[in-house]
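What follows is a set of notes on a single structure, which appears directly below.
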Amino acid sequence: MEVTFQFDWAAAFGSIPHLLPGIPWTLLISFGGLAIGFVIGIVFGLMRISPSRWLRLPAILYIEVFRGTPILVQVLFIFYGLPQLLGGPINALTAGIAAIAVNSGAYISEVVRGGVQSIERGQREASLSLGLSRTQAFRYVIWPQAFRRMIPPLGNQGIISIKDTSLFSVIGVGELVRQGQIYIATTFTALEVYLMVALLYLAITWSLSLLLRQLERRGLAGQ
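Residue 111 in UniProt numbering sits at position 111 of the sequence shown, and the numbers go up by one each step.
Right, dumping it as structure tokens:
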């Protein structure tokens, strides 16, 4: 039996107004989580390269646990598991932001570690010989250079985190995939709708990539 299928462009473009409400949720979860994750990443990244064993070991444990487990498992643990420990529910938005934060924080920690360690040791020694304290040397000499080198991997992590939000439909977050699932349930146009979902994700990540390239060029120009 021959089955013929014709792509319904009208259904594809007609789904866009129903998908657009998911974009603010996608951006809120991804960028909210990344902002927190960046702070976590700086703290644990610096702990990771600390000479103190008591600071290094917790950092290594955190990084390995959250890099070594899937983000889907992490968000399910936060949404379903933590309420049993805390004695109260956690809403889906909070769980999504928290999952992005702790997951991206682990990867950003390694980006921070690599960026700081990539700066030649002689620059720190030269700064100290000029009379700067260790804190001043880090703040004014090491960190600005390290941060410029971190821009590409930080951008990659941002793109990954945006795409990771697509997994959070399992806990009912109203992001792009969830909006698509709701629309498909009434129209049965899965191919058309998921194609538009993919294109919307592509538009978001491509826009971010262009912005990061501009930042990278400005950073290189400032060196």
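A virtual CB, placed ideally from N, CA and C, is assigned to each residue, including glycine.
In the three-state reduction of the DSSP assignment, Thr-165 falls in the helix class. With a cutoff of 9 Å on beta-carbon distance, Gly-105 and Phe-38 are scored as near each other. Going by DSSP, Tyr-183 is part of the alpha helix (DSSP H) stretching over 176-187.
Between the stretch 156-170 and the stretch 104-118 there are three or more C-beta pairs closer than 8 Å, enough to call the two in contact. In its chain, beyond the 5 residues on either side, Val-177 have a beta carbon closer than 6 Å to the beta carbon of Ser-166. Contact check for Ile-36 against Arg-48 fails: the beta carbons are separated by 9 Å or more. The beta carbon of Ile-71 sits closer than 7 Å to the beta carbons of Ala-99, Asn-103, Asp-164, Leu-167 from its chain, once the five residues preceding and following it are set aside; these are given in chain order. For Ala-95, the closest C-alpha among the options Val-73, Arg-218, Val-112 is that of Val-73. By the Cβ criterion, the stretch 17-35 is not in contact with the stretch 81-90, since fewer than three pairs of Cβ atoms, one from each stretch, lie closer than 8 Å.
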